[in-house]
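This report concerns only the one structure given below.
Residue numbers (the numbering used here): 422 to 1673.
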């Protein structure tokens, strides 16, 4: 206060100076009165001392701060403060801390609003950076607060970029020809002086070689003029160099640079190979000489490898570019290019003709090479200062390679080896690729070879405002671990006070020690005397003993050694622990061996709390065998169902030890095997074993047998166990030496017998037969038998298999606000086709056309054409209307795609909501159009409109930049997949039904799985299984016998569910109380080859049957009405337009039923495992392909668990699917639908049109 006000207060509580100080020496004196403290000619400084009573002294010197000059909201120091979006940067040590930080900031700014720029500056410059990061674009306070609250709640938000920092090196990629667009760079030029200065300098150099200023072409109105090679290449060069200078000013610098064709010239310039004047001369001459060549030739992009294409090359045909492992562009004369294209069309490959004026990188370029050489030989070259990748070789440029004029001549003619270049960068440790160009062309192209963990970030996107796009890219780089200097975005801002770090407080008080096991006999139990099991009880039955139950409690506190068994980042109870429980149960039940034990579900330990364990042993059968099951549930949820984790059988006989002479050790003539990196290899495969489970000490190989020596970790006590699970597990680790370190977990044990207990070290013999089944013999260090395992099957764990289905595998589609657009929504020209005039609000600038033919004859085709999804459905039942709507949509899409004049425009189908029968008809069209969107990105779209929509909301939805949007609650919204949190509801009361459950497709794969589940798990006692084949279906009789033996009454009937009268009679005869519609057929084909008849054949068993079931049961007060749908409809699977149409209809039917107050749930399944669903006929290769697609198949046990969880969620439409998010990310472009789950999406762009 004294320093701020320039006044020194008098010293308090001093009547007279101390006599122990010589006040006459020096310049120290007591202030006996207040006086002025000058601060103009010298800086004020003060010392503050603190003397602790314990002897600790502290002294701090304070200095007068720099004066702060008041400034207006738009001017600071003569520098104009930029308007528009500002980056809000947040971070935390953990994800929870990051969300808490967002919540704290949102609360603070709600109570005390501040300028978004000031908030941005304070967050970026006054906070420590941690690994968990998020960036929010603060266009205005209200929008930023909305995003903050979404981040705090962990809910999807299209604007929030979030993630955890990674490692690796950074490369810049410069786009090639074909990515140019009118207006590129104009927004950045207006906002950022660095960009403007660089762009102007490049344009000045280029203009000296061009017949008109390049700026006028790039920012003009004539797209065809810009697309001419003479201007496209200089325009791209100018923009890309300016983008480099801009990104460089933000502190982002590359360790490598690369480009695609003309993009390599920009890369060479910024790397120092060419000065600006020389680079401009080269670029201008290159474009001019190419443009001067006679037009002709062709270029085609093929879905093929280079090796597949090479045999088809001729003298006037070349490979112009190798963009990916299965992405090749051929270039040459029209006839030869078309011949090769037809070869690959007949193979069913994707073939796309590029819109180019010349055949670049082909023999047709040779006439311009001599003149180009003359230009290049007059230029000066230098060695690159930044490592540069060569298009010609696909490797890092060798010293002197790019200094030669001949290189740049060859560069024009030879193949662009872009894919090899990406692989070369990956080999150098590059994990971050920043694309500098007008769009994200290369980011999509590079995805496959860059790898699933790579971060590919295009700085600009053609459909987005440039400043917002650049900020989003900068945010993604910041999150990936790149150092960013945010000051370029924050000119004119000032620091303000904001909340400090949201520390995640933790208790450090010692917790009460868990009580030791008491005398369980007071509870009527017997002590189990085992570390994993605490009590045992014999169950009473009508005729004596009805089995045995052993109980236990597992946690990382009570059994800390379990925390060392980490698989896929999760603490997993090892299979050997479940086997140890089974062995103890065998002892309790008087059995001599474990005949069989199959692990049906992984047993995952929670981070906090404990698991309750029950090992149930049934009464003996006539042979003395006893069934066994291991069950578990979380301790703090007593109402939760018990999950079966293992089932098996105990046998009365004791098995003889295997013939294994372990007295001679190591075995004679056995060759040592190096085990030093065994656990590193297992960790790479996801098995991060801690010290307790790193028991493998040595290994040898002799013939087909492996021998291993294992021991318990020091401090581990094996005496109380039959065989300590960590020691037994270590005995299996030697198998990792035989399977490339991939590892696996036990799945099925057979013939297990324990001969001695309490071992602390083992000698092990391991063998494996032709089908992979293993056998083990275990002995102690004296050579005496310890245990024998006659057979063991090990299976790998699929990605995500350890997640909880109810938490991680239930999803729903949410409609979130679309990204806000600054200013009026820019949609380009909009036209309305046919009866869409009745569904779309009237706007003066919306042109109208009666038919597509009339539109094709127009002088100019609008950017967007709106058409209704269905029409003339009055008097038609919804199922019939769905057939009509799907056929009409198919015809419109095919006609639209066939007309060249429509190539630059988008046909948008307008649909109604699902609360009426019109919405049902529209739903079928919606599904088919979603597939069209996947097959032909950018050519078609979907727009849902309410009856009261206005033109402004229509424009906002169309300007969202996404293929599917809607107007809801008066604003533009877009679909995003989000996780469902299951509610604490009971779901259907299956065991209380007074009539049968009708299952269509009941004798098929899914029908059988579901029938067994309803009977065995839920106690359903009356089933009506319906299919077209009825009782004659393969395996139907066996299924009926199996379910009947379990106590159910099962009826199988042949019925065509698409026949309304047949369904009505069926329901009336049997008094149906619940319906599960699981029937359906598929007929895959792309839309261009699909016919209305094929669509109708797919719709009948799905659409007609669902509607007939609805009509026949709507007055019956059903307990449940469940339909099986498919992600083909939600995702719009390419090649499945007909199937998508049918499945979206049944989704809408459930919404319609809910609106009527009727029960209904649609389960939108992904693929099921090979023994169920429509993947039954697929080969192993097909199933692996499906798994790589990001949708691993659902096993029967997982599917039935998801079935129960989805029905208990309370949601009408649920996606019970396993999403492998890394695999989805690795595909390149992540669909916008998944944007809420994969927070930093990389969007795949179309291949460049020409690649020159």
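By construction, the Cβ of each residue, glycine as well, lies at the ideal position given by its N, Cα and C atoms.
The structure displayed is predicted, hence computed values, not measured ones.
Going by other Cβ atoms of all chains shown within 10 Å of its Cβ, with 16 needed for buried, is residue i buried or exposed?
{"i": "residue 1606", "result": "Note that residue 1606 scores a pLDDT of 49, beneath 50, so its modelled location is shaky; the value from the coordinates is reported in the next line. Burial call: exposed."}
{"i": "residue 547", "result": "exposed"}
{"i": "residue 433", "result": "exposed"}
{"i": "residue 558", "result": "buried"}
{"i": "residue 823", "result": "buried"}
{"i": "residue 934", "result": "Reliability fails at residue 934, whose pLDDT of 48 lies under 50, so the model's placement of it is uncertain and the value that follows must be treated cautiously. Result: exposed."}
{"i": "residue 683", "result": "buried"}
{"i": "residue 1632", "result": "buried"}
{"i": "residue 507", "result": "buried"}
{"i": "residue 1303", "result": "buried"}
{"i": "residue 482", "result": "exposed"}
{"i": "residue 1312", "result": "exposed"}
{"i": "residue 937", "result": "Low confidence applies here, because residue 937 scores a pLDDT of 47, under 50, leaving its location unreliable; read the following figure in that light. Classification for residue 937: exposed."}
{"i": "residue 478", "result": "exposed"}
{"i": "residue 765", "result": "buried"}
{"i": "residue 926", "result": "exposed"}
{"i": "residue 437", "result": "exposed"}
{"i": "residue 1063", "result": "exposed"}
Per DSSP, which one or two residues make a beta bridge with residue i?
{"i": "residue 720", "result": "752"}
{"i": "residue 1068", "result": "1019, 1050"}
{"i": "residue 1035", "result": "972, 1052"}
{"i": "residue 1253", "result": "1269, 1287"}
{"i": "residue 1119", "result": "1130"}
{"i": "residue 655", "result": "According to DSSP, which records beta bridges pairwise, residue 655 is partnered with nothing at all."}
{"i": "residue 924", "result": "Answer is none; residue 924 lacks a bridge partner."}
{"i": "residue 1233", "result": "1399"}
Pick from the options: whose alpha carbon is nearest that of residue i?
{"i": "residue 606", "options": "881, 1081, 1490", "result": "881"}
{"i": "residue 562", "options": "534, 877, 553, 1026", "result": "534"}
{"i": "residue 1277", "options": "1626, 1324, 649", "result": "1324"}
{"i": "residue 456", "options": "781, 1429, 439, 423", "result": "423"}
{"i": "residue 1177", "options": "1378, 1013, 908, 587", "result": "1013"}
{"i": "residue 1539", "options": "1579, 1520, 1562, 1275", "result": "1579"}
{"i": "residue 1474", "options": "1152, 520, 1444", "result": "1444"}
{"i": "residue 1342", "options": "782, 1497, 1563", "result": "1563"}
{"i": "residue 1298", "options": "1340, 1036, 1483", "result": "1340"}
{"i": "residue 1004", "options": "1525, 1142, 916", "result": "1142"}
{"i": "residue 462", "options": "847, 482, 1068, 427", "result": "427"}
{"i": "residue 540", "options": "518, 550, 510", "result": "510"}
{"i": "residue 1036", "options": "1051, 984, 1344", "result": "1051"}
{"i": "residue 1236", "options": "1398, 1483, 1133", "result": "1398"}
{"i": "residue 1369", "options": "1334, 1002, 1102", "result": "1334"}
State yes or no: is the C-beta of residue i within less than 8 Å of the C-beta of residue j?
{"i": "residue 970", "j": "residue 958", "result": "yes"}
{"i": "residue 1550", "j": "residue 1568", "result": "yes"}
{"i": "residue 826", "j": "residue 817", "result": "no"}
{"i": "residue 1471", "j": "residue 1446", "result": "yes"}
{"i": "residue 595", "j": "residue 858", "result": "yes"}
{"i": "residue 980", "j": "residue 1020", "result": "no"}
{"i": "residue 840", "j": "residue 732", "result": "no"}
{"i": "residue 1121", "j": "residue 1152", "result": "no"}
{"i": "residue 1353", "j": "residue 1314", "result": "yes"}
{"i": "residue 604", "j": "residue 551", "result": "no"}
{"i": "residue 1127", "j": "residue 1167", "result": "no"}
Of all the CB atoms in chain C, is at least one closer than 8 Å to the CB of residue i?
{"i": "residue 674", "result": "Although the question refers to chain C, the structure presented lacks it and comprises just one protein chain."}
Query raised in the report: So, do the region 853-873 and the region 580-597 have three or more beta carbon pairs nearer to each other than 8 Å?
Result: yes
Query - Validate contact between the region 793-801 and the region 705-714 using beta carbons, cut 8 Å, 3 pairs - result: yes
Query raised in the report: Are three or more beta carbon pairs between the region 576-589 and the region 667-676 nearer than 8 Å?
Result: no
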